[in-house]
Structure formats: C-alpha cells, structure tokens
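Undergrad: Before we start, here is the structure in question, set down as structure tokens.
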Amino acid sequence: MSPSPSPDPAGATGDYFSGLAGVYARFRPGYPATAFDFMLSGLAPPITAVDVGCGTGISSRGLAAAGVTVIAVDPNQDMLDEASRHPARPKVAIDYRRGSADELPVPDDTATLVLCAQSYHWFGSRETLEEFHRVLIPNGRLALMWNVRETGDSLSAGYERIMSEAQNQAQSRGRVLCRARSATPDTPDLFGPAHRERFPNPQTFDAAGWIGRARSASYFPPEGDPRREEYETALRRLFDTHARDGTVTLRERTEVTMVTARSRDA
C-alpha cells in the first residue's frame with residue numbers, strides 16, 4: 006500500500022473512541038452525495054455494502070440514502086449504540102454489527118461494495134484486504150474514503166497546526182496514531198488498478214461546532230488534561246479571527262480510492 010498505514014494493535018482502536026460517540030455523531034462531517042455516486046456508478050442493483058469501521062453511521066446513512074442495503078461493522082459498542090439512534094433517511098434499515106476488520110461478521114460473497122470511510126488507516130494490512138476480498142463478490146468494489154483538510158488559507162493552516170500539535174503530544178505519551186489519510190491497496194492478486202477521485206466538501210461551523218469538531222478527534226486531550234484548555238483557547242482565537250456572521254468555513258475535500266476485486270481463480 007502506498008502510503009502504508011500503521012495498523013493499530015488488536016482491540017485498541019475501538020477503545021480509542023469510547024466516550025466520544027455523542028460528540029462524534031454531532032460534529033464529525035459527512036460526505037458529499039457525489040462521492041457515493043462515484044463508488045456506486047455502474048453497479049447493478051440490488052447492491053449490498055459492508056461499511057467497515059462505521060463509527061456512528063455517518064457513511065452508512067450516506068449509502069442507505071443512495072438506496073443501498075447496508076451492513077455496518079464497528080468494534081466499539083458505544084459507537085454502534087449511537088449509530089442506532091440516528092435513523093437513515095429515507096428510512097432504510099441499516100444492519101449494525103459489532104466486529105473487526107480482520108474478522109468481519111459477514112459471509113463469503115456477500116458484498117457488492119466494501120467501504121472504509123475515515124477508517125482504513127487504523128487497520129490496513131494484507132490480512133484485512135484478504136478479508137475484504139472474502140466478503141466481496143467477484144468484481145465487487147473496495148472504496149477507501151477520507152475527508153482531507155486543505156491548508157491553502159490561514160484558517161485551515163492554523164487549524165492543521167493546532168491539531169498536529171495535539172497529535173504529537175498524544176504520540177509522545179505512547180499513544181499509537183495513524184496519520185495516513187490516503188492509501189492504495191498494493192495487492193494485484195486480490196484487486197485491480199486503483200482509481201481516485203476528489204470532491205469538494207467544505208465544512209461550516211459556529212463557535213460550538215468548531216470546538217466540537219476538534220474534540221471528536223480520538224487524539225484530542227480528554228477532560229481533565231491541562232493541554233485541552235490550551236488547545237481550545239488557541240482554537241477559539243483562530244475562530245474569532247476568521248469568523249464572519251458567527252461562522253467559519255474549513256476547506257476540505259473528500260477523496261475516494263476505489264479498486265475492483267479479482268475473481269477467485271484469476
């Protein structure tokens with residue numbers, strides 16, 4: 006894979022998000038409909054998608070809105086409980102299941118699409134890709150999706166600087182972090198060539214949402230940590246400098262990398 010994500014220790018990833026489910030559901034950005042259109046284009050219905058590392062169901066609901074049958078998998082029960090409190094629109098049932106990326110609770114040849122939205126950097130490995138290949142039908146698709154911050158303006162650059170410092174502090178205390186925000190599976194025996202598309206996805210925040218977005222990061226200092234107040238003070242100053250009519254807009258794009266599963270006998 007290029008660049009290669011650093012998989013988390015087994016079982017640790019789910020724990021990193023314990024206690025964050027409500028904040029995550031409220032403040033994490035969604036994904037543009039055009040990104041789902043890209044990954045679903047040309048697939049014949051009915052389509053079944055497995056959303057791996059679904060968290061609070063943000064990407065799962067995006068798939069359901071596109072008319073897809075969704076099996077959503079996550080190791081963290083708090084996240085799954087929060088996801089179940091946010092029904093899809095239109096009201097399509099999403100099948101939430103607790104499980105890990107390397108042992109999906111899904112039978113062979115189930116999925117037309119496997120999606121990892123803002124999650125593949127936690128568990129990407131040869132073993133995981135073999136598991137995705139197992140649950141995909143021949144010629145099914147694997148889509149890796151991230152929201153990526155732009156840094157071409159002073160607001161975005163300032164936000165990136167503060168959040169990178171928070172990452173560095175967490176890592177210095179022994180926390181395992183995965184910084185990769187794009188990847189290309191390098192497994193030609195399992196998947197064909199990669200196709201990548203980018204879609205604008207700007208995010209507008211009021212003051213509460215601005216701080217909430219930062220708090221939703223797994224590495225942001227928890228309550229009681231003295232660095233938390235320091236970072237939040239810096240974020241508020243940045244907000245106050247750039248706010249217009251009480252809001253700021255963070256420039257982001259959504260990147261989707263897609264590959265097609267090769268037949269078992271290829």
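The numbering of the sequence shown is the working numbering, which starts it at 6 and goes up by one. Using N, Cα and C, we set each Cβ at its ideal position, and we do this for glycine too.
How would you call Asn-173, buried or exposed, if buried means at least 16 neighbouring beta carbons within 10 angstroms?
TA: exposed
Undergrad: Note down the Cα distance separating Ala-212 from Pro-205, rounded to an integer number of angstroms.
TA: Distance between the alpha carbons of Ala-212 and Pro-205: 22 Å.
Undergrad: Does Gly-197 come within less than 8 Å of chain C when only Cβ atoms are used?
TA: As a matter of chain content, chain C is missing from the structure shown, which is built from one protein chain.
Undergrad: CB of Ser-221 to nearest heavy atom of the ligand HEM: below 7 Å?
TA: What this structure holds is no ligand at all, so the ligand HEM is not there to describe.
Undergrad: Taking contact to mean at least 3 C-beta pairs separated by less than 8 Å, is the stretch 241 to 257 in contact with the stretch 120 to 133?
TA: no
Undergrad: Does the Cβ of Thr-53 have 16 or more other Cβ atoms within 10 Å, making it buried, or fewer, making it exposed?
TA: buried
Undergrad: Quick check on DSSP: helix, strand or coil for Ser-159?
TA: Reduced to three states, the DSSP call for Ser-159 is helix.
Undergrad: Is the stretch 32 to 50 close to the stretch 81 to 100, with three or more CB pairs under 8 Å?
TA: The stretch 32 to 50, when compared against the stretch 81 to 100, does not touch it at the 8 Å Cβ threshold.
Undergrad: Can you tell me whether Ala-122 is helix, strand or coil according to DSSP?
TA: strand
Undergrad: Around the C-beta of Asp-79, are 16 or more other C-beta atoms found within 10 angstroms, so that it is buried, or is it exposed?
TA: buried
Undergrad: My guess is that Glu-87 and Gly-35 are in contact by the Cβ rule of under 8 Å, so how many angstroms apart are they, rounded?
TA: For Glu-87 against Gly-35, the beta-carbon gap comes to about 15 Å, at or over 8 Å, which does not count as contact.
Undergrad: If you draw a straight line from the alpha carbon of Thr-61 to that of Pro-198, how long is it in whole angstroms?
TA: 31 Å
Undergrad: For Asn-81, which three-state DSSP category applies?
TA: coil
Undergrad: Less than 8 Å between the beta carbons of Arg-203 and Glu-260, yes or no?
TA: yes
Undergrad: Name the residue from Ala-77, Gly-24, Asn-144, Ala-175 whose alpha carbon lies nearest to the alpha carbon of Val-55.
TA: When the alpha-carbon of Val-55 is set against those of Ala-77, Gly-24, Asn-144, Ala-175, the nearest one is in Ala-77.
Undergrad: Report back the beta-carbon spacing between Pro-143 and Ala-266 to the nearest angstrom; my notes put them in contact at under 8 Å.
TA: Correct: roughly 6 Å between the Cβ atoms.
Undergrad: How about Glu-234 and Val-153: do their beta carbons lie closer than 8 Å?
TA: For Glu-234 and Val-153, no; Cβs fall outside 8 Å.
Undergrad: List the endpoints of the continuous alpha helix (DSSP H) containing Arg-220.
TA: 212 to 220
Undergrad: Grab the span of the alpha helix (DSSP H) containing Asp-42 for me, first residue to last.
TA: It spans 38 to 45 - the alpha helix (DSSP H) in which Asp-42 sits, taken as one unbroken run.
Undergrad: Can you name the residues that DSSP bridges to Met-150?
TA: In the DSSP assignment, the residues bridged to Met-150 are Ala-122, Val-261.
Undergrad: Under three-state DSSP, which class holds His-91?
TA: coil
Undergrad: Would you call the CB atoms of Leu-147 and Val-264 closer than 8 Å?
TA: yes
Undergrad: Could you compute how far the alpha carbon of Arg-184 sits from the alpha carbon of Ser-169?
TA: Its pLDDT being 49, under 50, Arg-184 is placed unreliably by the model, and nothing is read from it.
Undergrad: Do Gly-145 and Ala-116 count as a contact pair if the criterion is CB distance below 8 Å?
TA: Against a cut-off of 8 Å, the Cβ pair of Gly-145 and Ala-116 comes out as a contact.
Undergrad: In terms of residue numbering, what span does the alpha helix (DSSP H) encompassing Tyr-236 cover?
TA: It spans 231 to 247 - the alpha helix (DSSP H) in which Tyr-236 sits, taken as one unbroken run.
Undergrad: Could you pull the DSSP bridge partners for Pro-205 from this structure?
TA: Arg-258
Undergrad: Quick one: Cα of Asn-273 to Cα of Gly-24, how far?
TA: Nothing about residue 273 can be read from this structure; the chain reaches only from 6 to 271.
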